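Chains A and G, in that order, give the protein sequences.
Take the first sequence: its letters are residues 1 to 315, numbered as in the working numbering.
Take the second sequence: its letters are residues 1001 to 1345, numbered as in the working numbering.
In this text, a Cβ means the ideal position worked out from N, Cα and C, and glycines have one as well.
Since this is a predicted model, take the numbers as computed values, not measurements.
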Amino acid sequence: MNPNFLDFEQPIADLEVKIEELQLVGSDNDINIGDEIATLREKSAKLTEKVYSNLTAWDIVKVARHPQRPYSLDYISRVFTEFDELHGDRHFADDHAIVGGIARLQGEPVMVIGQEKGRTVQDKVARNFGMPKPEGYRKALRLMEMAERFGLPVITLIDTPGAYPGIDSEERGISEAIARNLALMSRLRTPIICVVIGEGSSGGALGIGVGDHLVMLQYSTYFVISPEGCANIIWKTSDKAPEAAEAMGVTSTVLQELGIVDATIEEPKGGAHRDIDLMASRLEEHLVQQLQVLQAMSTEELLEQRYQRLLSYGN
Amino acid sequence: MSWYDKILPSGVRRDGGERRTGVPEGLWKKCLKCEAVLYRPDLELNVEVCPKCNHHMRIGARRRLDIFLDDNNREEIFADIEPVDRLKFKDVKSYKDRLTAAQKSTGEKDALIAMRGDLLGLPVVAVAFEFNFHGGSMGYAVGEKFTRAAQLALEHKLPLICFSASGGARMQEALISLMQMAKTSAVLERLKGAGVPYISVMTDPIYGGVSASLALLGDINVAEPEARAGFAGPNIIEQTIRQKLPKGFQRSEFLLEHGAIDMIVHRKDMRGTLSRLLSKLTHHALDPLLEAVPQLNQEPQLNQEPQLNQEPQLNQEPQLNQEPQLEDETKLEQKPQPVVETHAD
């Protein structure tokens, strides 16, 4: 099985292998098999389109967790310029599971905060696989307060398997750290746009996820408990995760219907990882557009709209 | 009603919403901690705290508010808020059926009860979680009722007190539940901005979404002794870190030591302590008549000989006559120090 492809993508993977083989043959023998390759490419593109037009909720969870899926830093380097990373919560440590700093979005200064899972094994360990501890949320809080003071809009990128469930996390008050952020973000006097770029898992995601505009990438996912966790509780086995994912409605389609998510940004065929630059440019475009709308409002209007929106959840 | 039901004290009668599920019913109750066999009416008078080992047993939301608020002048608020199954969630059973079953067994519409009333004469809004309803989990109905109660408190500048007991966000309402965290936190932030005090009382157990929102956002956070509270459940932490958790992990004492809460308050001192705190925060003098009643720092009486040697008896005439009185008229006087009275004779 090709690790670059998910299980439901294996027919596509098989085609890609054939294309690769033909390319090798072509360069070895000088025979013109370009036509054949072109046909296969077309077939692969069509197949990808077909497979991706029929994804189940569980398939989407898998795409959202794809090992090659772009992470926060991949977007930060493409969408923004002049990113100056800022470190530390000023109390305990610098949590590498959350990155944040000041950058420019088409020239305008903004505060960017994102959860980062890490690409290499070493990086993943250093970033605790994107599971923030209290100091991560407190760093985010510090940066958001700074953004408020200097009139910078806040953009958060959500991608986490959850806040870290560990002894040290509890000792330093992970619940309080998240709760504090929810409270602060509800009244921060600057626009906040939250983007779910991969996996938005429960309170760990919401801890940087309260704002004026909530948008999801097409194949990202957002849930109150992981489908595995839900299945474990209800069916007593994580094998039922696909059923749990379906029941909870973890996709942008369902969440937009429920009025929780405001918009969905279409991903390149086969997922964001197949064309990161294209995904990043679509994200950039969306952010610029939305910021314009939010920045046209007075701060009082903005805060009242945000508050009313929070109160409306579930109504 | 059979003759047997008639002689049971009110707290153990099977009718109405008083029934506690999962608890053996009868005149005697075993303390889960020290295993002492306790006489239920006495236990009731001791606000369901074991007189032997001080174990704070779980109590329902109505009982909680009943022993907390003054007898007069209280009214339930926002009682009409009902849960909504927006996702038509279905696993082995449908969420709708689960809700119906929970409503039937608890007599409540959902897991939060809100009341407006007085605390030693000081007008307050108080809410309490019903743990027996879906593990006290927070979905739309809980979040909405909490928010409306908080808005009422904000509007009338009344202190807000919340007794939480919850397993976290309600899975069956998925992201709507998660967003209740944001909603409740937002309204609490408004209270903070307006200088309306909010006291969060953590009672066993509080986890997940409720812990990471309204339970830890009090101006003052208090907890009952040995209540367990945390973000992730102990099982999940053990699975993640693959090691045993230290003794007392996530208990109130642990929370106090790590700076998450301001104080641990014995259930019998709850009225006294909270009213003292609130009267200072609100610059409101307490009713001296009412204030004189509670014995705030009374030690639980440990000498309970008569109880242990006493055989269960079905013939409980004195109680039968006593019980309605305690419930209705003399509760205020009896509340703070009933143990002494009952066991002195």
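Neighbouring residues, chain A, relative to THR1147 of chain G (Cβ below 7 Å): LEU311
Burial state of ALA1150 of chain G, where buried means 16 or more other Cβ atoms lie within 10 Å: buried
Can you look up THR1203 of chain G in the DSSP assignment and give me helix, strand or coil? strand
Amino acids of chain A, ordered along the chain, whose beta-carbon sits closer than 8 Å to that of VAL1084 of chain G: GLY314
Rounded distance between the beta-carbons of SER44 of chain A and VAL12 of chain A, thought under 8 Å: Reading the sequence as shown, one finds Ile at residue 12 of chain A and not Val. The Cβ separation is near 6 Å, so the contact holds.
DSSP-derived helix/strand/coil call for GLU304 of chain A: helix
Under 8 Å between C-beta atoms, does LEU258 of chain A make it to chain G? Answer yes: the Cβ-Cβ gap between LEU258 of chain A and chain G drops below 8 Å somewhere.
Segment contact, 8 Å Cβ cut-off, at least three pairs: the region 1163 to 1172 of chain G with the region 137 to 153 of chain A: no
Straight-line gap, LEU1158 of chain G to GLY203 of chain A (C-alpha atoms, nearest Å): 29 Å
Please list, in chain order, the residues of the region 1138 to 1171 of chain G that have any C-beta partner in chain A closer than 9 Å. Listed in sequence order: GLY1139, TYR1140, ALA1141, GLY1143, GLU1144, THR1147, GLN1151, GLY1168, ALA1169, ARG1170 and MET1171.
Report back the beta-carbon spacing between LEU1065 of chain G and ALA1165 of chain G to the nearest angstrom; my notes put them in contact at under 8 Å. Contact between LEU1065 of chain G and ALA1165 of chain G is ruled out by a C-beta separation of about 13 Å, above the 8 Å threshold.
Compare the C-alpha of GLY162 of chain A against each of A:ILE208, A:ALA183 and A:ALA147 and name the closest. Per the Cα distances, A:ILE208.
ARG1148 of chain G to PHE1078 of chain G span [Cα, whole Å]: 8 Å
Neighbourhood of LEU73 of chain A by C-beta distance below 7 Å, restricted to the same chain and skipping five residues each side: VAL99 and GLU116
List, in chain order, every chain A residue whose beta-carbon is nearer than 9 Å to that of VAL1092 of chain G. ILE234 and TRP235
Does the distance from the C-beta atom of SER201 of chain A to that of PHE223 of chain A stay below 8 Å? yes
Quick check on the burial criterion: 16 or more other C-beta atoms within 10 angstroms. Buried or exposed for ILE1059 of chain G? Note on ILE1059 of chain G: 16 or more other CB atoms within 10 angstroms of its CB, so buried under the neighbour-count rule.
Can the beta-carbon of GLN1180 of chain G be found less than 8 Å from the beta-carbon of VAL1142 of chain G? The answer is yes: Cβ separation under 8 Å.
What does PHE1078 of chain G touch in chain A if you count any residue whose Cβ is under 7 Å from its own? Going along chain A, no residue has its Cβ under 7 Å from PHE1078 of chain G, so there is no contact; the nearest lies around 14 Å.
Range covered by the alpha helix (DSSP H) that runs through ILE178 of chain A: 174 to 185
At the level of alpha carbons, what is the spacing between GLY101 of chain A and ASP84 of chain A? Straight-line Cα distance between these residues: approximately 5 Å.
Between ALA1186 of chain G and LEU310 of chain A, how many whole angstroms is the CB-CB distance? I'm expecting something under 8 Å. 4 Å
Which of the three DSSP states, helix, strand or coil, is assigned to MET297 of chain A? coil
For CYS1053 of chain G, which of G:LEU1032, G:GLU1189, G:ASP1071 and G:ARG1040 has the nearest alpha-carbon? G:LEU1032
Could you have a look at TYR219 of chain A and say whether DSSP puts it in helix, strand or coil? coil
Quick one, are the C-beta atoms of TYR52 of chain A and LYS240 of chain A less than 8 Å apart? no
Check whether TYR71 of chain A and ASP159 of chain A have beta carbons under 8 Å apart: Cβ atoms of TYR71 of chain A and ASP159 of chain A: closer than 8 Å.
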